[in-house]
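Number 295 in numbering that gives the first Met the number 0 belongs to position 296 of the sequence shown; there are no gaps in the numbering. Okay, structure first, notes after.
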Amino acid sequence: MGSKGWLVLAAVCCAAHASAQTLGKFEKWYRDQIASKIRLSGFRDVGYHLENVTGDGEAYDQTNYGGQGSQRFTDRGFVRAEGKKVLGLFDFDVNLQDSRFQDPQSEKFTVNYERGLWSLSAGDIQGRLLNTNRFARFNKTLRGFSAGYKSGPLQVKALRSQARGEARTVSIQGNNTAGPYYLQSSQVIRGSESISVDGVTMVFGTDYWIDYDLGAVTFENRVTGASRVISPSSTIVATYESFGFGGPAGTIEGAGLAYTFGRSGTLGITAMRQVTGAKGQLSTRLEKFQGFGAPGIPYTLQFTPLPGQPISVRVDGVLQAEGLDYNFDTVNRAVFYMTRFVPASSTIDVVYTPTPTTNVQGDREVWGLDYRVPLGKKGDVTFTHALGRLTNTTNPTSGVARGVEGRYNWGKFTVNAAWRDVGDDFVSIESTGFNRNEKTHEADLEYKPDSSRLFRLSTSNSSIATRVVSGSTTNIQRTRFTRNEFSHTLNADQTKAWPLTFSVVDTRSESVGKETDVLTSSLSTRRTFGKLESRFGLDSSRVSGASSGQIDSFNLRNTYLASQTFQMAMDLTLSNVRSGDESGTGRSVNFRARYFPSQNFTGTLSYTDSDNGGVSSLPGFSGGYGYGYGGNGFSNGADTSIVGASSGRRVALSLDARPSERLSVSGTASYIRTAGSVSSNSETNQVGGLVS
Numbered sequence: 000m001g002s003k004g005w006l007v008l009a010a011v012c013c014a015a016h017a018s019a020q021t022l023g024k025f026e027k028w029y030r031d032q033i034a035s036k037i038r039l040s041g042f043r044d045v046g047y048h049l050e051n052v053t054g055d056g057e058a059y060d061q062t063n064y065g066g067q068g069s070q071r072f073t074d075r076g077f078v079r080a081e082g083k084k085v086l087g088l089f090d091f092d093v094n095l096q097d098s099r100f101q102d103p104q105s106e107k108f109t110v111n112y113e114r115g116l117w118s119l120s121a122g123d124i125q126g127r128l129l130n131t132n133r134f135a136r137f138n139k140t141l142r143g144f145s146a147g148y149k150s151g152p153l154q155v156k157a158l159r160s161q162a163r164g165e166a167r168t169v170s171i172q173g174n175n176t177a178g179p180y181y182l183q184s185s186q187v188i189r190g191s192e193s194i195s196v197d198g199v200t201m202v203f204g205t206d207y208w209i210d211y212d213l214g215a216v217t218f219e220n221r222v223t224g225a226s227r228v229i230s231p232s233s234t235i236v237a238t239y240e241s242f243g244f245g246g247p248a249g250t251i252e253g254a255g256l257a258y259t260f261g262r263s264g265t266l267g268i269t270a271m272r273q274v275t276g277a278k279g280q281l282s283t284r285l286e287k288f289q290g291f292g293a294p295g296i297p298y299t300l301q302f303t304p305l306p307g308q309p310i311s312v313r314v315d316g317v318l319q320a321e322g323l324d325y326n327f328d329t330v331n332r333a334v335f336y337m338t339r340f341v342p343a344s345s346t347i348d349v350v351y352t353p354t355p356t357t358n359v360q361g362d363r364e365v366w367g368l369d370y371r372v373p374l375g376k377k378g379d380v381t382f383t384h385a386l387g388r389l390t391n392t393t394n395p396t397s398g399v400a401r402g403v404e405g406r407y408n409w410g411k412f413t414v415n416a417a418w419r420d421v422g423d424d425f426v427s428i429e430s431t432g433f434n435r436n437e438k439t440h441e442a443d444l445e446y447k448p449d450s451s452r453l454f455r456l457s458t459s460n461s462s463i464a465t466r467v468v469s470g471s472t473t474n475i476q477r478t479r480f481t482r483n484e485f486s487h488t489l490n491a492d493q494t495k496a497w498p499l500t501f502s503v504v505d506t507r508s509e510s511v512g513k514e515t516d517v518l519t520s521s522l523s524t525r526r527t528f529g530k531l532e533s534r535f536g537l538d539s540s541r542v543s544g545a546s547s548g549q550i551d552s553f554n555l556r557n558t559y560l561a562s563q564t565f566q567m568a569m570d571l572t573l574s575n576v577r578s579g580d581e582s583g584t585g586r587s588v589n590f591r592a593r594y595f596p597s598q599n600f601t602g603t604l605s606y607t608d609s610d611n612g613g614v615s616s617l618p619g620f621s622g623g624y625g626y627g628y629g630g631n632g633f634s635n636g637a638d639t640s641i642v643g644a645s646s647g648r649r650v651a652l653s654l655d656a657r658p659s660e661r662l663s664v665s666g667t668a669s670y671i672r673t674a675g676s677v678s679s680n681s682e683t684n685q686v687g688g689l690v691s
């Protein structure tokens, strides 16, 4: 080989070496900047179920397995891709469904970018501004983008989007059971809800759980099985978002600014606008079902079809004829039935136009100004002012909301006070929360002489307005609600003594010239005896005025930790209701035993027996806690909630095993019986298995 040949060979070798180095660097860069920053996860649930249902099979179908209660096989899949600091620049979160049963809440895509003083989010986001002004707060599920900037004492945030859900706030009277209580809205957006009972905020998982598909709330701790019976004199207030279809699409946009002047305080400015659009746009929806087998078994759509709009039903791609191949329920248009056997191997496609559920009237805009003044390290005072307008509607309005809130700690005393004046015509951007149009003042005083004693005295007086829109007319209904409370807590080592909590609450409400007074006394204590922990509670409520009655309840909760692998818990509540010539004693009994020899295996035996005693309401009673939440300047209401007698019994044995990190197997055997006017009237024997 000549000298030129050697030179050519050397050049080729150098080029190959350089290419290999470049490829190696690229692979390392790809691994470090992309591959190692992305995490893929998901699951596949394959279930086999044997059920024998007698009674209301339609209700059973809707309330089990995400609306697939009548299916022998269930198959659901889900894939999630998460990226953290991909290319050192952005995060992303993508959720994809892989099953014939599609959950409208599970499909989402979000991208986040944060660098230096700036932050950006786009896609399906939880839209929030700085929320320094209580009358111009914003917290809503959106599809759009938001941007933020923070430098020293200055903070700015802005967003623009279309709303995915609409805000609703509703009130429901207790029916002497733990539930379920129906919010009159299906497809409640997960995590959007806040729930209170008689003004006390409930905690998800501890105080209640919720079926988001049905919008049903049950006041039960899913871990311990302990339930909370809601008496007929108590009021549940729930604020939440639900998916809406049709109606004006519109946009939501806003910005918030906050600037801190050191010890002089913090200034906040907020501006928001909600534009509904000139015309409502109807949209169609595709839902897929596996064949349920025999004819006459109900198929339930997630939304009610809009009357007058075409509906297409296909089985394995073949168009079906209404009246011949299928029929819709005459009462509930969201339910249809096939007239022949459809095997589980077949797919039913339904294309329909959901009935519009959005009911925001006109365009909304609000401007807010607030200033927070610190009172040293012991407290602060916040002044808020907002101007809200409703335009592009037959009933345009504008109003002002203003308020002052303060807190101060002085040694053993703590004082909280507030004054609010929210005009009858004030409107803000539609958002969840417990705000309402009202004129109110409230004060709270706590005295803690030592670590074992606490005294609390509180009072509030509110004049509440409810906006009632009927055609081109808007009427204001005004009610009054006052609340006074005294409580005393005596803490002690519960292994040696009985810590006590005693409270007296007096509420008075007046609506349409009718007055109602509720006086409630409560006493609770607890004690630990070795491995046994016991909790006791007594409550007594006397109702007088427009409605009268007496409600007495007793609650006992025992938890026994036999060993580190075996635990038992029992919860008993008895509630006696007397109203006129009627009297009934409701009960709620829960027992649960758990055996968990390792982290990879758990066995649970549970028993529940619930009956409201036949007296589920007090005639003519209207609790003041729920005034002003059936539609106001901050959120919409919903249809009238159904309250009635109900009872149920459930025995279940479940076994859960996780042989590996990627595989879990579970089996369940249960007997369920439910009856009443607010529950399915059915009896079920069930055996099921699930592999994921």
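Each residue gets a CB set at the ideal place from its N, CA and C atoms; glycine is no exception.
Nearest to residue i (by Cα), restricted to the options the options
i, options, result
"G387", "F633, S344, T200, V312", "F633"
"F425", "N434, S397, D443, T478", "S397"
"R142", "E106, L116, R167", "E106"
"D449", "P353, R477, L489", "L489"
"Q273", "S430, E441, R661", "S430"
"G253", "I428, D538, S35, R189", "I428"
"S663", "T601, T515, D123", "T601"
"Q183", "N175, T238, A400", "T238"
"A385", "G204, R419, K376", "R419"
"Y258", "S533, V85, S344, T131", "T131"
"P306", "R332, T283, G115", "R332"
N-terminal and C-terminal residue of the beta strand (DSSP E) that residue i is part of
i, result
"A194", "In the sequence as presented, Ala is not what sits at residue 194; that position holds Ile. Where I194 is concerned, the enclosing beta strand (DSSP E) stretches over 193 to 196."
"A343", "That residue, A343, is in no beta strand (DSSP E); it is neither H nor E in DSSP."
"I188", "First-last for I188: undefined, no H or E at that position."
"L499", "499 to 510"
"D610", "600 to 610"
"T234", "234 to 242"
"I229", "Note, I229: premise wrong, no beta strand (DSSP E); not H, not E."
"E429", "Where E429 is concerned, there is no enclosing beta strand (DSSP E), given that its DSSP letter is neither H nor E."
"N635", "Unbroken run through N635: none, as it is neither H nor E."
"F291", "Neither: F291 is in no beta strand (DSSP E) and is coded neither H nor E."
"G625", "Careful: G625 lies outside any beta strand (DSSP E) and carries neither H nor E."
"K513", "513 to 528"
"G544", "531 to 544"
"F553", "548 to 562"
Residues that residue i bridges to, as DSSP identifies them
i, result
"V380", "V372, G405"
"I463", "E437, T478"
"F137", "None, per the DSSP bridge assignment."
"M337", "Y325"
"Q154", "K149, A257"
"G585", "S574"
"M271", "G253, V365"
"L266", "Y258, Y370"
"Y298", "F335"
"F485", "L456, V503"
Beta-carbon separation (whole angstroms), residue i vs residue j, contact threshold 8 Å
i, j, result
"F382", "D362", "In fact, because the Cβ distance is near 28 Å, the residues do not count as touching under 8 Å."
"A568", "N554", "Not really, about 13 Å apart at Cβ, beyond 8 Å."
"T140", "Q161", "11 Å between Cβ atoms; not a contact."
"T217", "A177", "6 Å"
"S508", "T478", "7 Å"
"S622", "S232", "The amino acid occupying residue 622 in the given sequence is Gly; Ser does not appear at that position. That belief holds up - the Cβ atoms of G622 and S232 are roughly 7 Å apart, short of 8 Å."
"V399", "G422", "5 Å"
"K37", "V85", "Checking the displayed sequence, the identity of residue 37 turns out to be Ile instead of Lys. Sure, about 7 Å apart at Cβ, within 8 Å."
DSSP state of residue i mapped onto helix, strand, coil
i, result
"Y180", "strand"
"D31", "helix"
"F620", "coil"
"G367", "strand"
"E26", "helix"
"V686", "strand"
"R388", "strand"
"G261", "helix"
"K447", "strand"
"R672", "strand"
"K84", "strand"
"K107", "strand"
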